[in-house]
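Numbering (our numbering) for the sequence shown: 531 to 755. Here a beta-carbon is modelled for each residue, glycine too, at the ideal position from N, C-alpha and C.
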Amino acid sequence: MVLVLVLLTIGIFFLVDHVLRKEERQLRVIENEKKSPIFLSPEKSLTPLSHVEQRMYHLSHSWVQPGENHQMYIGFDDFISRIFSEDVVVDDLPVQGSHIPQGVKIWDVGLDSHRITQLSPVSGKVIAVNPALKLRVPVSARDVMKSWVIQVQPDNFPLEKQNLMNHSQSQMINTALSDELHMTVQAERFLNDGGKIDPDFLEKLPEKDWNRSLDTFFPYQKALK
Numbered sequence: 531m532v533l534v535l536v537l538l539t540i541g542i543f544f545l546v547d548h549v550l551r552k553e554e555r556q557l558r559v560i561e562n563e564k565k566s567p568i569f570l571s572p573e574k575s576l577t578p579l580s581h582v583e584q585r586m587y588h589l590s591h592s593w594v595q596p597g598e599n600h601q602m603y604i605g606f607d608d609f610i611s612r613i614f615s616e617d618v619v620v621d622d623l624p625v626q627g628s629h630i631p632q633g634v635k636i637w638d639v640g641l642d643s644h645r646i647t648q649l650s651p652v653s654g655k656v657i658a659v660n661p662a663l664k665l666r667v668p669v670s671a672r673d674v675m676k677s678w679v680i681q682v683q684p685d686n687f688p689l690e691k692q693n694l695m696n697h698s699q700s701q702m703i704n705t706a707l708s709d710e711l712h713m714t715v716q717a718e719r720f721l722n723d724g725g726k727i728d729p730d731f732l733e734k735l736p737e738k739d740w741n742r743s744l745d746t747f748f749p750y751q752k753a754l755k
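Okay, structure coming up:
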């Protein structure tokens, strides 16, 4: 009996030691990430993509663009960068290696309490997440719009692209939405002296007006609640 207790005590000691060492290693990883160039300058990973005219757009303002080796980039369009003006946080991202179907939640984007959910433009396996967005720190909405959020290996892009808009169709819709946004902001007196939207207007926008904006510009959000 004494021998059993001794062996049990030794086993518990090694288990606790293992857990403590694991936590220590995780803390070191986090500290090293904070010291990395990406943490200090997330924009280093937000490299603009070329050939944006190849993008196909979802009604939730996400897009998909062909990359190399039949892989696809996915990001958000310029209307997101207009309504959120300056910085955004992209959160609740899919895990690398997971599978996402077309038309389901792919991430949340916004700042503070003003956030929207975007939907995946295609089905596929997630093969990469932009390092700048893994950190959950505010980044330039315009920089993200020009770059990418995740990469996927699509299931059947030739078939699923029939559910998407091409670049010119998306621009027509976004121009109309931007005009309506401008009138809304003007009515609420959130334009600066240069006639541009105040970067902080969402912080000043009453909650009821934000909910009304969601109904106007992102009507699909209701079905997600």
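Item checked: Backbone CA spacing between V619 and L689 [nearest angstrom] -> Here residue 619 corresponds to residue number 89 of the sequence shown, with the count starting at 1. Here residue 689 corresponds to residue number 159 of the sequence shown, with the count starting at 1. So the alpha carbons of these two residues sit roughly 32 Å apart.
Notebook entry, point to check: Hey, quick one: how far does the alpha helix (DSSP H) through R585 stretch, first residue to last?
Noted result: Translated into positions along the sequence shown, residue 585 becomes position 55. No alpha helix (DSSP H) contains R585, which DSSP labels as neither H nor E.
Notebook entry, point to check: Touch check for the segment 624-635 and the segment 652-669: three-plus C-beta pairs under 8 Å?
Noted result: yes
Notebook entry, point to check: Does the segment 657-674 come close enough to the segment 604-614 that 3 or more CB-CB pairs lie under 8 Å?
Noted result: yes
Margin query: How far does the beta strand (DSSP E) with L641 in it extend, from its first residue to its last?
Written below: Here the question's residue 641 lines up with position 111 in the sequence shown. Start and end: K635 to L641.
Next item on the list: Look at the Cβ atom of S632, then the Cβ atom of P651, and state whether they are nearer than 8 Å.
Entry: Numbered from 1 along the sequence shown, position 102 holds the residue referred to as residue 632. Numbered from 1 along the sequence shown, position 121 holds the residue referred to as residue 651. Note on identity: in this sequence residue 632 is Gln, with Ser being the wrong assignment. For Q632 and P651, yes; Cβs fall inside 8 Å.
Item checked: V674 - containing alpha helix (DSSP H), residue span -> Within the sequence shown, residue 674 is the residue found at index 144, counting from 1. That run of the alpha helix (DSSP H) goes A671 to K676.
Notebook entry, point to check: Given that a residue counts as buried once 16 or more other Cβ atoms are within 10 Å of its Cβ, and exposed if not, what is D607?
Noted result: Translated into positions along the sequence shown, residue 607 becomes position 77. It counts as buried.
Notebook entry, point to check: So, V682 versus I604, is the Cβ gap smaller than 8 Å?
Noted result: On the sequence shown, residue 682 is found 152 positions in, with the first residue counted as 1. On the sequence shown, residue 604 is found 74 positions in, with the first residue counted as 1. Yes, the Cβ-Cβ distance between V682 and I604 is below 8 Å.
Next item on the list: Report the residue from Q701, D617, L649 and G597 whose alpha carbon sits nearest the alpha carbon of E733.
Entry: One-based indexing of the sequence shown puts residue 733 at position 203. Measuring from the Cα of E733, the nearest candidate turns out to be D617.
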